[in-house]
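Trainee: Residue numbers (the UniProt record's numbering), protein chains in the order written: chain A, 1 to 344; chain B, 1 to 344.
C-beta: ideal position from N, C-alpha, C; glycine also.
Please see the structure below; I have some questions.
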DNA sequence: CTGAAAGCGCTTACAG
DNA sequence: CTGAAAGCGCTTACAG
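Now the structure itself:
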């Protein structure tokens, strides 16, 4: 490969071999402007023969465009984040933009990160929980930004999914269809905007039913130990609770784990519902009733928004994508097992 | 912010404000060479006042280093890939390298991707299933490469985890500790190197026990439909099977789902074990016995290897990281519930 | 310890 | 349709 040789091909060597100027090589390779078919063929042939790879840095420097987006993610993993990233990347690569992943750790130096980013990318997508509002504001002030699943902030675009209406529907399902009377919301409405909106739907459904919603059981994070602790707290302090509306599936799953350890029946003694429809939701017993959001599409939309912004579009209205109620058995519905109809 | 003003700060404006040459600014900002404390302070102050962000493209062009790595991933999501990416990113960012994510779709134009990458990054990590061997070879030939979880290929570094010994141990556990006699391996040994090595361990344990291993049940991919189909196939064609050794957790989980639909008891009628220790493994009932690999560490190691290669180190021996048997209940062991000891 | 100057490899008006 | 030339904003020998 030429690239391994004493010297890699440059636009000069391609031009020389094709017998044209470097301006012509540049034009042909970018597919802009007109160029006679003959010239075009010569250039393409020369580039191919020399195994020419344009130097992105030189291109960026001259054109004043990085052709790269950053994605700022928290360092937690999970299906939500990878789906978001994949959706974003798919669209970005179509637009010939690179995607640079930046992980935000608690001790991240925001100023240094921003300085770095400003010299490397044209825009950034901020994933949920990746940055607090002060940091978001700084980033927004420094470059075109699209926020995902958060509260809107001036100067930034936003992509999110419907929360309140679906949460109302979910809560109503428990209240009306299953006759539960003593629901408890588990999560932190004062944290992420998503959760706040879900809690608002929880409250709205209670209002419809003429019921007074109880205060949420605050918690963040989820693992087996936390789930078990929540279960014990519920049974110690909240007698009579007959359904749990959890801020997300992870929390719901960890609580179901705790309930199993404590021998508490789901959904008979206690119904449990979540949010996100993670893959695990369908594999647990009973299957977890939850809400699905189109995360991959949200990532794709975010990339489109950024692309439009860089093409000159102003900051627009929030893009809200639809969510969908996924009924399984943890709410009290009879198990509608997937493929059950073809059972022998 | 200066960046928003009529013109952003450059190394020239910083130098002018600090009353030094651009060479001095460059040196101070990169922290190289000596520089008097006084000069240093002046430069730092000027840079800060002007909110200067060095242009990465200019830096790359002059230094002939991109200070960026690519990560080539398949477009499937899952905990494995995000953990790998996070581990890689954490180390890369410490070394001040950007991480560019590239997703490989089936219709990816390899040549175009490679041309793009050669002009953008200094090295690449290839995640499992992201590229076939021919593509891998092309990439290796074009730039420093580290392969993860695959067969070694000349010219490339490799990071993987222990498969065969642990698979032998896992199989032996079923054979010896649980007295199972009729095991079936589910997966494709002829596909990924990882799976081949696991099947080798499966065979080795049989040899130890003086048993003849049966042919694997071939399948790739996993979802509820596939799991159910596998279950039906097993019961139609493989009478007497009393344990399933699955190539990965996803497969094991989908099969457990199918077994539940068919009313087949786990582990009594059929023991099931997996590989990976995905989060779901602990939430299903019974808990899935499996093998954990240090995926995040593998990503971190891959970044270190790349860093060393770019610093001049030659391609080295494969880096093998240890795996760990995670015993839960799907193998036939009594449920060792997490935190069970603190039950009331 | 510091500066002047060349050079990295492109893109893009500007001419023709 | 094509070329000559300026310029993008840095780093890095080379001097001193």
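1) What does the Cβ neighbour count give for residue 212 of chain B, buried or exposed, with the cut at 16 atoms within 10 Å?
2) So which residues on chain A does residue 115 of chain B lean against when the C-beta distance must stay under 7 Å?
3) Ends of the beta strand (DSSP E) at residue 292 of chain B?
4) Kindly list the residues whose CB is nearer than 6 Å to the CB of residue 341 of chain A, restricted to its own chain and excluding five residues on each side of it in sequence; keep chain order.
5) Could one say the Cβ of residue 82 of chain B lies closer than 8 Å to chain A's Cβ atoms, at least one of them?
6) Chain B beta carbons: is any one of them nearer than 8 Å to that of residue 58 of chain A?
7) Give the residues of chain B in contact with residue 12 of chain A, contact being defined as C-beta atoms less than 8 Å apart.
8) In three-state DSSP terms, what is residue 336 of chain A?
9) Sort out for me which residues DSSP pairs residue 324 of chain A with in a bridge.
10) Determine the extent of the beta strand (DSSP E) in which residue 145 of chain B is found, giving its start and end residues.
11) Assuming residue 201 of chain A is part of the beta strand (DSSP E), what are its boundary residues?
12) Please check if any C-beta of chain B sits within less than 8 Å of the C-beta of residue 271 of chain A.
13) Is the CB of residue 104 of chain A under 8 Å away from at least one CB in chain B?
14) Just to check, is the beta-carbon of residue 218 of chain B closer than 7 Å to a non-hydrogen atom of the ligand MG?
15) Between residue 70 of chain B and residue 102 of chain B, which are expected to be in contact by the criterion C-beta below 8 Å, what is the C-beta distance as a whole number of angstroms?
16) What is the DSSP secondary structure of residue 308 of chain B, reduced to helix, strand or coil?
17) Name the two residues that bound the continuous beta strand (DSSP E) containing residue 157 of chain B.
18) So residue 183 of chain A is in the beta strand (DSSP E); what residue range does that whole segment cover?
19) Express the C-alpha separation of residue 54 of chain B and residue 4 of chain A in angstroms, rounding to a whole number.
20) For the alpha helix (DSSP H) containing residue 261 of chain A, list its first residue and its last residue.
21) Applying the 10 Å Cβ sphere with the 16-neighbour rule, what's the burial state of residue 30 of chain A?
22) Please list, in chain order, the residues of the stretch 273-299 of chain B that have any C-beta partner in chain A closer than 9 Å.
23) Compute the Euclidean distance between the alpha carbons of residue 321 of chain A and residue 244 of chain A, then round it to the nearest angstrom.
24) Tell me where the alpha helix (DSSP H) around residue 18 of chain A begins and ends.
25) In the stretch 84-95 of chain B, which residues sit with their C-beta less than 8 Å from some C-beta in chain A, listed in chain order?
26) Among B:199, B:44 and B:268, which has the Cα closest to the Cα of residue 329 of chain B?
27) DSSP three-state call for residue 81 of chain A: helix, strand or coil?
28) Within 10 Å of its beta-carbon, does residue 239 of chain B have 16 or more other beta-carbons around it, so buried, or fewer, so exposed?
29) Report the neighbours of residue 77 of chain A on chain B: residues whose CB is nearer than 7 Å to its CB, in chain order.
30) List the whole-angstrom C-beta distance separating residue 285 of chain B from residue 285 of chain A, where the pair is believed to meet the contact cut-off of C-beta under 8 Å.
31) Less than 8 Å separating the beta-carbons of residue 287 of chain A and residue 335 of chain A?
32) Residue 66 of chain B: which of B:174, B:36, B:100 and B:200 sits nearest, CA to CA?
33) Would residue 142 of chain A and residue 114 of chain A qualify as a contact pair, given that the criterion is a beta-carbon distance under 8 Å?
34) Does residue 158 of chain A have its Cβ less than 8 Å from a Cβ in chain B?
35) Using 8 Å as the Cβ pair cut-off and three pairs as the minimum, do the stretch 91-100 of chain A and the stretch 299-315 of chain A touch?
Mentor: Answer, in terms of the structure:
1) Residue mapping note: residue 212 of chain B aligns to position 212 of the second chain, counting from 1. By the C-beta density criterion, residue 212 of chain B is exposed, having fewer than 16 other C-beta atoms within 10 angstroms.
2) The residue you call residue 115 of chain B lines up with position 115 of the second chain. Residues of chain A passing the Cβ test: 53.
3) Looking up residue 292 of chain B in the second chain gives position 292. Start and end: 290-292.
4) Translated into positions along the first chain, residue 341 of chain A becomes position 341. With a pLDDT of only 43 at residue 341 of chain A, under 50, the local geometry of the prediction cannot be trusted, and the value read off the model is given with reservation. Non-local C-beta neighbours of residue 341 of chain A in its own chain, meaning closer than 6 Å and more than five positions away in sequence, are absent.
5) For the purposes of this step, residue 82 of chain B is taken as residue 82 along the second chain, with counting starting at 1. By this cut-off, residue 82 of chain B is an interface position.
6) If you number the first chain from 1, residue 58 of chain A lands on position 58. It does: the Cβ of residue 58 of chain A has a partner Cβ on chain B nearer than 8 Å.
7) Mapped onto the first chain, residue 12 of chain A falls at position 12. Here the premise fails: no neighbours, minimum Cβ distance about 15 Å.
8) Here residue 336 of chain A corresponds to residue number 336 of the first chain, with the count starting at 1. Residue 336 of chain A falls in the coil class under three-state DSSP.
9) Here residue 324 of chain A corresponds to residue number 324 of the first chain, with the count starting at 1. BP columns for residue 324 of chain A point to A:292.
10) Stepping through the second chain from its first residue, residue 145 of chain B is reached at position 145. In the DSSP assignment, residue 145 of chain B falls within the unbroken beta strand (DSSP E) covering 145-148.
11) Numbered from its first residue, the first chain carries residue 201 of chain A at position 201. From DSSP, residue 201 of chain A is part of no beta strand (DSSP E) but of the alpha helix (DSSP H) over 193-208.
12) Taking the first residue of the first chain as 1, we reach residue 271 of chain A at position 271. Look at residue 271 of chain A: its C-beta is not under 8 Å from any C-beta on chain B.
13) On the first chain, residue 104 of chain A is found 104 positions in, with the first residue counted as 1. No, residue 104 of chain A lies away from the interface with chain B (no Cβ there is under 8 Å from its Cβ).
14) Although the ligand MG was asked about, the structure shown includes no ligands whatsoever.
15) Along the second chain, one-based indexing puts residue 70 of chain B at 70. Along the second chain, one-based indexing puts residue 102 of chain B at 102. Right, their Cβ atoms sit about 5 Å apart.
16) Sequence index remark: in the second chain, residue 308 of chain B carries index 308 (1-based). Helix at residue 308 of chain B.
17) Within the second chain, numbered from 1, the residue matching residue 157 of chain B stands at position 157. In this chain, the beta strand (DSSP E) harbouring residue 157 of chain B covers 157-161.
18) As a working mapping, residue 183 of chain A is identified with position 183 in the first chain. Per DSSP, residue 183 of chain A is one residue of the beta strand (DSSP E) stretching across 183-186.
19) Here residue 4 of chain A is taken as the residue at index 4 of the first chain, counted from 1. Here residue 54 of chain B is taken as the residue at index 54 of the second chain, counted from 1. Here residue 4 of chain A scores only 41 on pLDDT, less than 50, and its place in the model should not be relied on; the value that follows carries that caveat. In this structure, the CA atom of residue 4 of chain A is about 30 Å from the CA atom of residue 54 of chain B.
20) For the purposes of this step, residue 261 of chain A is taken as the residue at position 261 of the first chain. First-last of the alpha helix (DSSP H) with residue 261 of chain A: 249-261.
21) Locating residue 30 of chain A in the first chain gives position 30, counting from the first residue. Residue environment analysis places residue 30 of chain A among the exposed positions, since fewer than 16 neighbouring C-beta atoms fall within 10 angstroms of its C-beta.
22) Answer in chain order: 278, 279, 280, 282, 283, 284, 285 and 296.
23) Looking up residue 321 of chain A in the first chain gives position 321. Looking up residue 244 of chain A in the first chain gives position 244. Their Cα atoms are separated by approximately 25 Å.
24) Here residue 18 of chain A refers to the residue found at position 18 when the first chain is read from its first residue. It spans 11-18 - the alpha helix (DSSP H) in which residue 18 of chain A sits, taken as one unbroken run.
25) The residues in question are 85, 86, 89, 90 and 93.
26) Translated into positions along the second chain, residue 329 of chain B becomes position 329. If we check each option's Cα against that of residue 329 of chain B, B:268 comes out closest.
27) In the first chain, counting from the first residue as 1, residue 81 of chain A sits at position 81. Collapsing the DSSP output to three states places residue 81 of chain A in a helix.
28) If you number the second chain from 1, residue 239 of chain B lands on position 239. Using a 10 angstroms sphere on the CB of residue 239 of chain B, the tally of other CB atoms stays under 16, which defines it as exposed.
29) Mapped onto the first chain, residue 77 of chain A falls at position 77. Under a criterion of Cβ atoms nearer than 7 Å, the residues of chain B adjacent to residue 77 of chain A are, in order, 79, 82, 83 and 86.
30) On the second chain, residue 285 of chain B is found 285 positions in, with the first residue counted as 1. On the first chain, residue 285 of chain A is found 285 positions in, with the first residue counted as 1. Contact flag correct, Cβ pair sits at about 5 Å.
31) The residue labelled residue 287 of chain A in the question sits at position 287 within the first chain. The residue labelled residue 335 of chain A in the question sits at position 335 within the first chain. Their beta carbons are under 8 Å apart, which means residue 287 of chain A touches residue 335 of chain A by this criterion.
32) Translated into positions along the second chain, residue 66 of chain B becomes position 66. Closest by alpha carbon: B:100.
33) Here the question's residue 142 of chain A lines up with position 142 in the first chain. Here the question's residue 114 of chain A lines up with position 114 in the first chain. Their beta carbons are under 8 Å apart, which means residue 142 of chain A touches residue 114 of chain A by this criterion.
34) The count along the first chain starts at 1 and reaches residue 158 of chain A at position 158. Proximity of residue 158 of chain A to chain B, defined by a Cβ-Cβ separation below 8 Å, is not satisfied.
35) At 8 Å Cβ cutoff, the stretches touch.
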